[in-house]
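Residue numbering for the sequence shown is 62 to 255, as defined by this note's numbering. For glycine and all other residues, C-beta sits at the position ideal for the given N, C-alpha and C. Data block below; observations after.
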Amino acid sequence: MAPPTDLIQQKKALRQALRLARKNLSPEARRAAEAAVRRQLLPLLKKGRRIGVYLAVGSELNLSQLIDTAQARGCPLYAPYIDPKSRRLWFTPLRAQASAERRAPFGIPQYEGKKVRISALDVVLLPLVGIDAHGYRLGQGGGFYDTSLAACATTKRPKLIGVGFDVQRCEQVPIEPWDQPLDAYVSESGWLHF
Numbered sequence: 062m063a064p065p066t067d068l069i070q071q072k073k074a075l076r077q078a079l080r081l082a083r084k085n086l087s088p089e090a091r092r093a094a095e096a097a098v099r100r101q102l103l104p105l106l107k108k109g110r111r112i113g114v115y116l117a118v119g120s121e122l123n124l125s126q127l128i129d130t131a132q133a134r135g136c137p138l139y140a141p142y143i144d145p146k147s148r149r150l151w152f153t154p155l156r157a158q159a160s161a162e163r164r165a166p167f168g169i170p171q172y173e174g175k176k177v178r179i180s181a182l183d184v185v186l187l188p189l190v191g192i193d194a195h196g197y198r199l200g201q202g203g204g205f206y207d208t209s210l211a212a213c214a215t216t217k218r219p220k221l222i223g224v225g226f227d228v229q230r231c232e233q234v235p236i237e238p239w240d241q242p243l244d245a246y247v248s249e250s251g252w253l254h255f
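Dropping the structure here:
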């Protein structure tokens, strides 16, 4: 069942406003926020803990320094892999110094390798456009994470942590019945746990 037109319009308007706020951050503010988020996420980086990361596209908060640190510590990282035949995400190992082999929808870099489902990971760091006080995430609009998380209902669900800037927080994200809240959100100001 498709969402009502007014819900689609609400999401579109909110995405537009939040993307603009994120895009308007100064380079200095971005660097400071990325460094603060990296410091706050460092305790998650433990050898053997399987972490799903995203590779920043556009004005998303860049995790490249965190990724470098994790790889230096021997923490296995996995990047999203979009199967063009389905709406569910796979995750493939992210290897140091590897370059993306192709681009998926939304310009997401993808790597080849043994694919695992989101349920095989311990923690997933999710990109987002917005997040509300209840942990509901507004994504890019493709539904890939939502579809993948819905499939976890009968399997082990990893800890879900949204990552972004303070300007991405909003009062309320328009939600649909299948939307699932995140466990936490981290920005330059610190952690929000839901």
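Given residue i as reference, the closest of the options once Cα atoms are compared
i	options	result
residue 181	132, 117 and 113	113
residue 151	97, 90, 208 and 121	208
residue 177	221, 122, 141 and 132	141
residue 22	105, 251, 202 and 253	The displayed coordinates of the chain run from 62 to 255. Any statement about residue 22 would go beyond what the structure contains.
residue 245	179, 78, 66 and 105	105
residue 138	175, 119 and 165	175
Three-state secondary structure assigned by DSSP to residue i
i	result
residue 28	Lying outside 62 to 255, the shown extent of the chain, residue 28 is not represented and no answer is given.
residue 249	coil
residue 206	helix
residue 169	coil
residue 117	coil
residue 76	helix
Contact set for residue i: own chain, Cβ-Cβ below 7 Å, skip 5 residues either direction
i	result
residue 236	197
Sequence-distant residues of the same chain with beta carbon closer than 6 Å to residue i, five excluded per side
i	result
residue 124	114
residue 117	123
residue 248	225, 226 and 227
Count the CB pairs spanning the segment 218-229 and the segment 80-91 that are closer than 8 Å, and state whether there are at least three. yes
Counting pairs of beta carbons, one from the segment 68-77 and one from the segment 94-102, are three or more of them closer than 8 Å? no
Return the chain-ordered ranges of every beta strand (DSSP E) run that is complete within the segment 213-241 and spans a minimum of 3 residues. 220-224
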